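Chemist: First residue of the sequence shown? That's 484 in my numbering, and the numbers climb one at a time after it.
For every residue, glycine included, the Cβ atom is placed at its ideal position computed from N, Cα and C.
Bear in mind that the values here come from a model prediction, so they are computed numbers and not experimental data.
Mind having a look at this structure? Questions to follow.
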Amino acid sequence: MAEKILQDIAELNKRLTIAQINKNTEEKAEAYYNLGRAYYFLEDFHRAIEYFKQYLSIAEEVGDRAGAGRAYCQLGGAYRYLGHYQRAIEYHNQDLRISKEVGDRAGEGCAYGNLGLNYGSLWESQQAIECHNQHLIIAKEVGNRACEGKAYCQLGHIYINLDEYQRAIECTNKCIILGKEIGDRARQGQGYGNLGTIYLHLGENQRAMEYMNKYLNIAKEDGDRAGEGKAYYSLGYLYHHLEDFQKVMECQKKHLSIAKEVGNRRCQGHAYLGIGDVHDSLGDAAGAMEYYKQSLSIAEEIGDRLAQGLTYCRLGSCYGNLHEFKEAIECYKQHLSMAEEIGDRMAEACAHHGLGVSFLNSNSLNEALEHFRCCVKVCDTIRASSISEDQLKISFRRQHQFAYTLLWQVLVMLDRNDEALYAAERGRAQALLDALKVTYDLTSLSLRSIESEEEVKYLSMNTAFLTVFFALELKKVNMWVLRKEGNPVFRNAEFEIGGAHEDSFALLLDTALKKMRAGVGIRCENRSMDQLSDDPTSTTRDNDQTSKPSQETTDCLQPLYDAVIGPIEDLLDGDELIVVPDGPLSKAPWAALSETLRIRTVPSLTSLKLITDSPSGHHSKSGALLVGDPCLERVTNKRGNPIYDPLKYARMEVEMIGEILKSQPLTGKDATKEAVLQRIGSVALVHIAAHGRKETGEIVLAPDPRCESKPPTEEDYILKMSDIQAVKLRARLVVLSCCHSGQGPVSSEGVVGMTRAFLFAGARSVLSTLWAIDDEATRLFMKSFYQQLASGESTSVALQRAMKFLRDSHDYSAPKYWAPFVLMGDDVKIELEKESLSKS
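This is the structure in structure tokens:
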């Protein structure tokens, strides 16, 4: 292929010479354009740019607007391949402007698609998505099915990068369907490659393998050698994930062979990089560096600054593994220089992170600190300016967690403990803070104004309640105790349990939780009704059955107490404590750790301030939504048997509360998802007693009885985080009397689950559960809880006394019954009728 292009170049040069002699402007322009395209295919982008600029000059001179637009398009593409994304965007915007001017809708769509590619490379995801959607709309309008498929393919890429896998799958499947309809086999193959990458990220390796092999087979059948090489590259990535390094090497060598055959220097460089990664993973740093240097040589040859930077990053890591930190630093500096030159902010953040780690390993703490600060600053800028959707912000923050963590850790090493607190706080619950600003109509405040070091310092020295802020390392817990007056007090301690150090704090917590949950049992969700016990006391609200009462006592809580409260016990005065947990501590049973302290949690110091300082009229003072024992007889397994047990005591629970509040609860077939969402936004109190999903805390409500003609889908009856986040709440208190309602994946946001969703939507305080709860025991717990609320006590006092009520009981004294309840947010009071609950 390369030889054919070189022959074409020779012929085009002859034509150019003749056109210059004859002063034939039209033929000269055509020759310049075609020479630019030829060098473009040879990946000699600098020479391609020279010829495209010559073509552009003639087009502008003769007033050929369409030709000028074509030149801008090609120049933008060349600069993108060189990694100069901002310059590429400038040229594609010129192309877009001209396409609109001349009424070229197809050209306008292509310009949007090209802009989307560049914004995606700069991690400006929202702009990339908007551009690809514009490309998609125009492609549909003009009937260009090929461009429609391309737009779906590129949207799939963006959503993969953002960990939005469901959306990525939807877009990619549309791309594949279009490819089949119009016979575009290459597009089908790319779609299958996308699906392979998605399922690899989801940990479904077998499905990933199937799709990547489909991509490879299509390329082979169609004789698409370039596509075949890319498929081998994708398979190599999969095998690397599976740590089958022999297979990785085979795939990358095939990729390299094909790249040489078709003359694709860029893919040759990628193959050398992949082979180097294999050697690096096998501990052969010297061998890895040889391949990285070959990759670097090609990147320098074709002027690919992005690839050069990426290779310098790999070399820096390699030198770091060899403890040659001086060399590592030089490589990362090269990476940083190139990232800044081409405007790639993500690469810039990566380079600062590598420099920070290298200086840290060199014991140059001040230099390390500076680079971690820069890394965090770049990440915050990207997040604030480029990402708007909550879930995307969480995903982005998760990918760059280490930079935020290393920043405060280095400050602790430097004994700058107050600054470490400010840095750690600024890294907490960032997406939630953005949401709360919108919820409480505080968008006039810049994020910087509420997350600045000065503001965090003020918060830490002017807290209204005794507060402890946690930041975890592998075997160490760092704590800042904040009191009403004075500077924060810093403590840290290593921890152990059972006489031996654990690998992480998560293991310590898991050990304690297993002991507390002992006797709750793990049972299959999909069971038929004839397998269920007739004893209602055996029912839990995640459809699990409990075993006989456990003999466990509060002794199981002692190791956890010793690790997180013991080191600061002498600083605790009063009877109330606010905790800002970190990592796995977000799932600790805080309220159960002390009989004398009333403990609640908040995602961050700043989020607590936004909640407590919310406008006085925001939260309702009256009205209640009570939901209990939704009818789930239509939710069945494949055999047609109901999946979920009835919850006799959940119904009694909300009927009891309804009598106090003079409010009619939604129960049975009336407790539908639709009815709940219609009423949830206007009340002061929300109480839901229903089944909850184990992993996510999502709540199971009744499907709409008006749709009995068809089996209900999950969308009809599962109350999800997205459902709640889409509602504007006015609730002062939300009680999720469901199993696992405090569960979800842990991130810098805390637990990303239903509790956070209710805070996100505007709830002032949320009471939820950490594990499966017993139906009857929970009714008794809630009876005591509402007795305290009715007597005028705050939520934290009511929680503490309800826990004591069960702890002192005969049948439900084991921690599994009373310890799962946790309170997050403000400590509110609810105006309730003071009617006695003794009848209930």
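Below 8 Å on the Cβ atoms is my contact criterion, and I expect lysine 1152 with proline 1188 to pass it. Report the Cβ-Cβ distance as a whole number of Å.
Modeler: As a first step, residue 1152 is located in the sequence shown; it is residue number 669 there, counting from the start. As a first step, residue 1188 is located in the sequence shown; it is residue number 705 there, counting from the start. Rounded, the Cβ-Cβ distance is 5 Å, consistent with contact.
Chemist: Can you check which of these residues, Lys959, Ala834 and Glu533, is closest to glutamate 853 by C-alpha distance?
Modeler: Stepping through the sequence shown from its first residue, residue 853 is reached at position 370. The residue with the shortest Cα to Cα distance from glutamate 853 is Ala834.
Chemist: At which residues does the alpha helix (DSSP H) containing glycine 559 begin and terminate?
Modeler: Translated into the one-based positions of the sequence shown, residue 559 becomes position 76. Here the alpha helix (DSSP H) through glycine 559 covers 548-564.
Chemist: Do you know whose CA, among Glu509, Ala594 and Gly590, lies nearest histidine 575's CA?
Modeler: Taking the sequence shown and counting its residues from 1, one reaches residue 575 at position 92. Residue Ala594 is the option with its Cα nearest to histidine 575.
Chemist: Evaluate contact between the segment 1289-1302 and the segment 1091-1102, counting only Cβ atoms and requiring at least three cross-stretch pairs below 8 Å.
Modeler: With fewer than three CB-CB distances shorter than 8 Å, the segment 1289-1302 does not count as touching the segment 1091-1102.
Chemist: Among all the DSSP beta bridges, which residues are the ones paired with alanine 790?
Modeler: Translated into positions along the sequence shown, residue 790 becomes position 307. Answer is none; alanine 790 lacks a bridge partner.
Chemist: Rounded to the nearest angstrom, what separates alanine 551 and glutamate 573 at their Cα positions?
Modeler: Stepping through the sequence shown from its first residue, residue 551 is reached at position 68. Stepping through the sequence shown from its first residue, residue 573 is reached at position 90. Alanine 551 and glutamate 573: Cα-Cα distance of roughly 14 Å.
Chemist: How about alanine 1240 and isoleucine 1207: are their beta carbons less than 8 Å apart?
Modeler: One-based indexing of the sequence shown puts residue 1240 at position 757. One-based indexing of the sequence shown puts residue 1207 at position 724. Result yes, Cβ atoms of alanine 1240 and isoleucine 1207 sit closer than 8 Å.
Chemist: Which first and last residues belong to the beta strand (DSSP E) in which alanine 771 is found?
Modeler: Position 288 of the sequence shown, counting from 1, holds the residue named residue 771. That residue, alanine 771, is in no beta strand (DSSP E); its alpha helix (DSSP H) goes 768-785.
Chemist: Give me, in chain order, the residues of the same chain whose beta-carbon lies closer than 7 Å to that of glycine 910; leave out the 5 immediate sequence neighbours on both sides.
Modeler: On the sequence shown, position 427 is the one that residue 910 refers to. Cβ contact annotation for glycine 910 (same chain, cutoff 7 Å, sequence separation greater than five): Tyr887 and Ser1231, in chain order.
Chemist: Which one of Phe842, Glu831, Asn844 and Asn846 has the shortest CA to CA distance from valine 861?
Modeler: For the purposes of this step, residue 861 is identified with residue 378 of the sequence shown, where counting begins at 1. Among Phe842, Glu831, Asn844 and Asn846, the Cα nearest to that of valine 861 is on Glu831.
Chemist: Of all Cβ atoms in chain B, is any one closer than 8 Å to the Cβ of asparagine 804?
Modeler: In the structure shown, chain B cannot be found, because there is only a single protein chain.
Chemist: In the structure shown, what three-state DSSP assignment does leucine 897 receive?
Modeler: Numbered from 1 along the sequence shown, position 414 holds the residue referred to as residue 897. In the structure shown, leucine 897 sits in coil (DSSP, three-state: anything other than H, G, I, E or B).
Chemist: DSSP has glutamate 1059 in a bridge; who is on the other side?
Modeler: Walking along the sequence shown from the start, residue 1059 turns up at place 576. Paired residue(s): Arg1081.
Chemist: Identify, in the order they occur along the chain, each residue of the same chain with its Cβ nearer than 8 Å to the Cβ of serine 1165, setting aside the five sequence neighbours on each side.
Modeler: In the sequence shown, the residue the question calls residue 1165 occupies position 682. Contacts found: Ser1103, Gly1106 and Arg1213.
Chemist: Helix or strand or just coil, what does DSSP make of valine 1249?
Modeler: In the sequence shown, the residue the question calls residue 1249 occupies position 766. Correct three-state label for valine 1249: strand.
Chemist: With distances taken between CB atoms, is the gap from tyrosine 1064 to glycine 839 smaller than 8 Å?
Modeler: Counting from one through the sequence shown, the residue named residue 1064 turns up at place 581. Counting from one through the sequence shown, the residue named residue 839 turns up at place 356. The displayed chain sequence assigns proline, not tyrosine, to residue 1064. No. Outside cutoff.
Chemist: Helix, strand or coil, according to DSSP, for proline 1188 in the structure here?
Modeler: Your numbering for residue 1188 matches position 705 in the sequence shown. DSSP places proline 1188 in helix when its eight states are reduced to three.
Chemist: Have a look at leucine 942 and serine 1097 and give me their C-alpha separation to the nearest angstrom.
Modeler: Residue mapping note: residue 942 aligns to position 459 of the sequence shown, counting from 1. Residue mapping note: residue 1097 aligns to position 614 of the sequence shown, counting from 1. If you draw a straight line from the Cα of leucine 942 to the Cα of serine 1097, it comes to about 16 Å.
Chemist: Touching or not, the segment 1188-1197 and the segment 1220-1228, by the rule of three or more beta carbon pairs under 8 Å?
Modeler: Cβ pair count under 8 Å is below three, so no.
Chemist: Under three-state DSSP, which class holds glycine 674?
Modeler: As a first step, residue 674 is located in the sequence shown; it is residue number 191 there, counting from the start. Correct three-state label for glycine 674: helix.
Chemist: Taking just the CA atoms, how far does valine 1229 sit from glycine 1066?
Modeler: Stepping through the sequence shown from its first residue, residue 1066 is reached at position 583. Stepping through the sequence shown from its first residue, residue 1229 is reached at position 746. One C-alpha to the other measures close to 6 Å.
Chemist: Across which residues does DSSP place asparagine 975 in a beta bridge pair?
Modeler: Residue 975 sits at position 492 when you count from the first residue of the sequence shown. The partner list for asparagine 975 (beta bridge, DSSP) reads Asn961.
Chemist: So what does DSSP say about histidine 1293, is it helix, strand or coil?
Modeler: For this step, residue 1293 is matched to residue 810 along the sequence shown. Three-state result, histidine 1293: coil.
Chemist: Take alanine 542 as the anchor and find which of Ile532, Ala531 and Ala554 has the nearest alpha-carbon.
Modeler: Walking along the sequence shown from the start, residue 542 turns up at place 59. Alanine 542 has its Cα closest to that of Ala554, out of Ile532, Ala531 and Ala554.
Chemist: Return helix, strand or coil for glycine 666, following the three-state DSSP convention.
Modeler: The residue labelled residue 666 in the question sits at position 183 within the sequence shown. It is coil, neither helix nor strand.
Chemist: Using a Cβ-Cβ cut-off of 6 Å (strictly less than) and excluding sequence neighbours within five positions of phenylalanine 885, which residues of its own chain qualify?
Modeler: Walking along the sequence shown from the start, residue 885 turns up at place 402. Same-chain partners within the cutoff: there are none.
Chemist: For leucine 1306 versus leucine 1282, is the C-beta distance shorter than 8 Å?
Modeler: What you label residue 1306 is simply residue 823 of the sequence shown in a count that begins at 1. What you label residue 1282 is simply residue 799 of the sequence shown in a count that begins at 1. Yes. Within cutoff.
Chemist: For asparagine 616 versus tyrosine 568, is the C-beta distance shorter than 8 Å?
Modeler: Locating residue 616 in the sequence shown gives position 133, counting from the first residue. Locating residue 568 in the sequence shown gives position 85, counting from the first residue. Going by C-beta atoms, asparagine 616 is not nearer than 8 Å to tyrosine 568.
Chemist: Just reading off the beta strand (DSSP E) that aspartate 1112 is part of, what are its end residues?
Modeler: Position 629 of the sequence shown, counted from the start, is the residue given in the question as residue 1112. Where aspartate 1112 is concerned, the enclosing beta strand (DSSP E) stretches over 1107-1113.
Chemist: Shortest alpha-carbon distance to valine 1235 belongs to which of Leu638, Thr1179, Glu607 and Lys1287?
Modeler: Counted from its first residue, the sequence shown places residue 1235 at position 752. Checking every option, the nearest Cα to that of valine 1235 belongs to Thr1179.
Chemist: At the level of alpha carbons, what is the spacing between leucine 793 and lysine 1203?
Modeler: The residue given as residue 793 occupies position 310 in the sequence shown. The residue given as residue 1203 occupies position 720 in the sequence shown. Going from the Cα of leucine 793 to the Cα of lysine 1203 covers about 40 Å.
Chemist: State the Cα-Cα distance for the pair glutamine 689 and leucine 718, rounded to the nearest angstrom.
Modeler: Sequence index remark: in the sequence shown, residue 689 carries index 206 (1-based). Sequence index remark: in the sequence shown, residue 718 carries index 235 (1-based). Cα-Cα distance, rounded: 12 Å.
Chemist: For the alpha helix (DSSP H) containing threonine 946, name the first residue and the last one.
Modeler: The residue given as residue 946 occupies position 463 in the sequence shown. First-last for threonine 946: undefined, no H or E at that position.
Chemist: Per DSSP, which residues does valine 1183 bridge with? Please list them.
Modeler: For the purposes of this step, residue 1183 is identified with residue 700 of the sequence shown, where counting begins at 1. DSSP, once it has assigned bridges, lists His1174 and Ile1201 as partnering valine 1183.
Chemist: Please name the residue in Lys816, Val1085 and Arg580 whose C-alpha comes closest to that of glutamate 850.
Modeler: Looking up residue 850 in the sequence shown gives position 367. Comparing Cα positions, the closest option is Lys816.
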